[in-house]
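Numbering (this note's numbering), first residue to last: 443 to 892.
Beta carbons are placed, not taken as given, at the ideal position from N, Cα and C, and that holds for glycine.
I have placed the structure first, in the form of structure tokens, so that the comments after it can refer back to it.
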Amino acid sequence: MAPTTPMPVITVDVWKKPWEQEKPLHNRWHPEIPHVAQVVEGEVFRVEAVDWSGGAIKDNNSADDLKFSDATGHYLSGPIRIIDPSGAPARPGDLLVVEILDLGALPGNEWGFTGTMDRENGGSFLTDHFPYATKAIWYFEGIFAYSPHIPGVRFPGLIHPGLIGTAPSKELLDIWNAREASLVDGTVRPPTLCDVLHQRTLAHLPTPKGSLLGLVEKGTANWERIAAEAARTTPGRENGGNCDIKNLSKGSKVYLPVFIEGANLSMGDMHFSQGDGEISFCGAIEMSGFLVLRCEIIRDGMAKYLTPMGPTLLHVNPIFEIGPVEPRFSEWLVFEGISVDESGRQHYLDSSVAFKRAVLNAIDYLFKFGYSKEQSYLLLSACPCEARLSGIVDPPNAVVTLAIPTAIFDQDIRPRKDGPSAGPRVIRKPDVLKSSYDGSLPVTKNLAPV
Ligand code: ZN
Numbered sequence: 443m444a445p446t447t448p449m450p451v452i453t454v455d456v457w458k459k460p461w462e463q464e465k466p467l468h469n470r471w472h473p474e475i476p477h478v479a480q481v482v483e484g485e486v487f488r489v490e491a492v493d494w495s496g497g498a499i500k501d502n503n504s505a506d507d508l509k510f511s512d513a514t515g516h517y518l519s520g521p522i523r524i525i526d527p528s529g530a531p532a533r534p535g536d537l538l539v540v541e542i543l544d545l546g547a548l549p550g551n552e553w554g555f556t557g558t559m560d561r562e563n564g565g566s567f568l569t570d571h572f573p574y575a576t577k578a579i580w581y582f583e584g585i586f587a588y589s590p591h592i593p594g595v596r597f598p599g600l601i602h603p604g605l606i607g608t609a610p611s612k613e614l615l616d617i618w619n620a621r622e623a624s625l626v627d628g629t630v631r632p633p634t635l636c637d638v639l640h641q642r643t644l645a646h647l648p649t650p651k652g653s654l655l656g657l658v659e660k661g662t663a664n665w666e667r668i669a670a671e672a673a674r675t676t677p678g679r680e681n682g683g684n685c686d687i688k689n690l691s692k693g694s695k696v697y698l699p700v701f702i703e704g705a706n707l708s709m710g711d712m713h714f715s716q717g718d719g720e721i722s723f724c725g726a727i728e729m730s731g732f733l734v735l736r737c738e739i740i741r742d743g744m745a746k747y748l749t750p751m752g753p754t755l756l757h758v759n760p761i762f763e764i765g766p767v768e769p770r771f772s773e774w775l776v777f778e779g780i781s782v783d784e785s786g787r788q789h790y791l792d793s794s795v796a797f798k799r800a801v802l803n804a805i806d807y808l809f810k811f812g813y814s815k816e817q818s819y820l821l822l823s824a825c826p827c828e829a830r831l832s833g834i835v836d837p838p839n840a841v842v843t844l845a846i847p848t849a850i851f852d853q854d855i856r857p858r859k860d861g862p863s864a865g866p867r868v869i870r871k872p873d874v875l876k877s878s879y880d881g882s883l884p885v886t887k888n889l890a891p892v
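Okay, here's the thing in structure tokens:
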């Protein structure tokens with residue numbers, strides 16, 4: 443008889459708040475957040491996760507929720523303690539192999555969102571050009587997504603968890619907090635793009651405000667201490683975390699370093715689709731969803747496979763193995779950027795400046811085909827476009843390219859002799875939606891004075 447799989451380990455109710463879930467969620471990294479489930483290596487198990495905002499962003503025609511939402515963390519499912527068949531937990535120094543066997547949207551909840559944050563509330567990659575909150579809703583038809591806010595495009599998703607990682611040890615957590623604080627307190631000079639995008643936060647340091655710590659009891663001295671030192675989930679780090687690898691879909695594997703006993707695996711921030719770079723910050727098609735997983739422990743795998751790049755043995759990074767299932771595109775329009783910024787200033791081999799130029803070139807190009815610049819910004823953030831570091835060795839210019847699959851558009855967007863003209867752009871929306879969805883993007887512009 444076939445095995446009855448997968449075993450449900452964590453379920454969520456998308457109509458409940460993150461702190462009302464049956465198995466409490468968490469939105470910080472800390473070794474003392476207790477595990478909420480335990481799994482034996484080799485078992486096939488199922489985890490459900492709310493979208494990163496925990497349901498704060500709604501399926502409606504307004505960007506107000508993105509203007510005011512807390513953009514400084516993700517609500518995660520876990521931690522899950524991993525043991526071997528003899529009952530021995532994963533130990534520091536092991537490698538945890540996480541195989542993603544399947545994943546998808548939750549039945550009855552087949553929709554997602556892409557947006558930009560207000561500049562005062564997190565901003566985005568191009569926040570100097572787009573300083574306000576915007577939002578596009580996407581509806582899923584099986585493997586495809588379409589948006590009533592960005593008419594004329596439809597593409598298959600490549601569902602993946604934006605965030606997956608193990609808990610840090612106290613020693614690693616202290617390393618994170620010290621190095622990120624050095625950026626904020628000015629001990630370390632901010633990198634170049636920060637000069638350009640100085641409005642964005644340099645780093646989000648630990649704060650009890652908004653902390654959700656799973657089974658750690660709120661109101662206790664223990665909660666206060668852990669909340670004051672627990673790392674935010676925004677950046678990817680040595681434990682994996684918010685890696686945002688758009689191809690980490692069905693059949694992929696993640697090889698995560700284990701820093702504490704049991705590994706304490708957590709995940710969330712599910713994406714239906716994402717472009718390389720996740721440029722608009724709330725940048726993928728963000729959704730709630732499920733994952734079917736299987737874990738394996740490679741004893742002493744960190745020493746066997748990872749090389750520390752830094753002053754301690756903890757300065758490692760995970761390895762990712764991309765699975766066999768992806769949408770197939772054969773034709774791409776490619777935009778180039780070099781490390782010269784919009785003011786004409788030369789930067790030295792700065793690939794972030796070059797990528798910014800490539801994205802701006804693509805946005806202005808699509809504008810000629812009838813898309814507002816905000817629509818293109820969100821589209822390039824959410825559709826399966828690919829960024830490549832084409833050249834990083836020829837001083838002074840880094841060359842970065844952004845490739846857009848042409849098949850996602852219902853018009854021909856290639857350059858032609860007769861010049862660009864806005865072709866057909868059919869506004870698609872479910873019948874239940876009212877006329878307020880006119881094919882334009884909700885934008886909330888009332889910026890607070892700087
Ligand atoms: Zn996300």
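Between the alpha carbons of residue i and residue j, how many angstroms are there, rounded?
i: residue 670; j: residue 652; result: 11 Å
i: residue 779; j: residue 827; result: 15 Å
i: residue 416; j: residue 464; result: The structure shown does not extend to residue 416, since the chain is modelled only from 443 through 892, so no value can be given for it.
i: residue 612; j: residue 618; result: 10 Å
i: residue 534; j: residue 703; result: 6 Å
i: residue 844; j: residue 801; result: 7 Å
i: residue 511; j: residue 824; result: 20 Å
i: residue 869; j: residue 550; result: 23 Å
i: residue 547; j: residue 554; result: 9 Å
i: residue 686; j: residue 605; result: 6 Å
i: residue 638; j: residue 803; result: The predicted position of residue 638 is uncertain, since its pLDDT is 47 and thus under 50; a value taken from the coordinates is nonetheless stated next. If you take the alpha carbons of residue 638 and residue 803, they lie about 17 Å apart.
i: residue 457; j: residue 497; result: 8 Å
i: residue 789; j: residue 644; result: 20 Å
i: residue 850; j: residue 446; result: 38 Å
i: residue 773; j: residue 466; result: 45 Å
i: residue 815; j: residue 863; result: 16 Å
i: residue 571; j: residue 468; result: 33 Å
i: residue 769; j: residue 776; result: 18 Å
i: residue 552; j: residue 583; result: 8 Å
If you follow the alpha helix (DSSP H) that residue i is in, where does it begin and where does it stop?
i: residue 559; result: Run containing residue 559: none; DSSP gives neither H nor E here.
i: residue 793; result: 793 to 809
i: residue 506; result: 506 to 510
i: residue 667; result: 663 to 671
i: residue 579; result: Residue 579 -> not in any alpha helix (DSSP H); beta strand (DSSP E) instead, spanning 575 to 583.
i: residue 622; result: 612 to 626
i: residue 815; result: 815 to 824
i: residue 744; result: 743 to 747
Quick check on residue i: buried or exposed, where buried means 16 or more other Cβ atoms within 10 Å of its Cβ?
i: residue 664; result: exposed
i: residue 891; result: With a pLDDT of 41 at residue 891, under the threshold of 50, the predicted position of this residue should be treated as unreliable, though the coordinate-derived value follows. Under this definition residue 891 is an exposed residue.
i: residue 690; result: buried
i: residue 792; result: buried
i: residue 674; result: buried
i: residue 561; result: buried
i: residue 795; result: buried
i: residue 886; result: buried
i: residue 747; result: exposed
i: residue 835; result: exposed
i: residue 679; result: buried
i: residue 753; result: exposed
i: residue 756; result: buried
i: residue 710; result: buried
i: residue 720; result: buried
i: residue 578; result: buried
i: residue 751; result: exposed
Ordered along the chain, which non-local residues of its own chain (more than five positions away) have a Cβ less than 8 Å from that of residue i?
i: residue 681; result: 471, 607, 608, 609, 610, 614, 698, 699, 701 and 760
i: residue 451; result: 479, 481, 487, 488, 489 and 522
i: residue 648; result: 470, 619, 669, 670, 671, 672, 673 and 674
i: residue 727; result: 554, 555, 556, 580, 587, 599, 713, 714, 715, 716 and 824
With a threshold of 7 Å on Cβ separation, who are the neighbours of residue i within its own chain once the five nearest residues in sequence on each side are excluded?
i: residue 559; result: 508, 513, 565, 566, 575, 723 and 724
i: residue 623; result: 647
i: residue 666; result: 650
Taking 6 Å as the limit between beta carbons, can you name the residues of its chain near residue i, skipping five residues before and five after?
i: residue 766; result: 693
i: residue 830; result: 843
i: residue 871; result: 590 and 879
i: residue 443; result: none
i: residue 882; result: none
i: residue 764; result: 689 and 694
i: residue 818; result: 805 and 808
For the beta strand (DSSP E) containing residue i, list its first residue and its last residue.
i: residue 729; result: Here residue 729 belongs to no beta strand (DSSP E), and DSSP marks it neither H nor E.
i: residue 710; result: 707 to 713
i: residue 532; result: Neither: residue 532 is in no beta strand (DSSP E) and is coded neither H nor E.
Is there contact between the segment 518 to 532 and the segment 690 to 699, where contact requires at least three CB pairs shorter than 8 Å?
-> no
Three CB pairs or more closer than 8 Å across the segment 854 to 866 and the segment 456 to 475 | No, the segment 854 to 866 does not touch the segment 456 to 475.
Do the segment 590 to 600 and the segment 712 to 721 meet, that is, are 3 or more Cβ pairs less than 8 Å apart?
-> At 8 Å Cβ cutoff, the stretches touch.
For the segment 805 to 815 against the segment 725 to 740, are there 3 or more C-beta pairs whose distance is under 8 Å?
-> no
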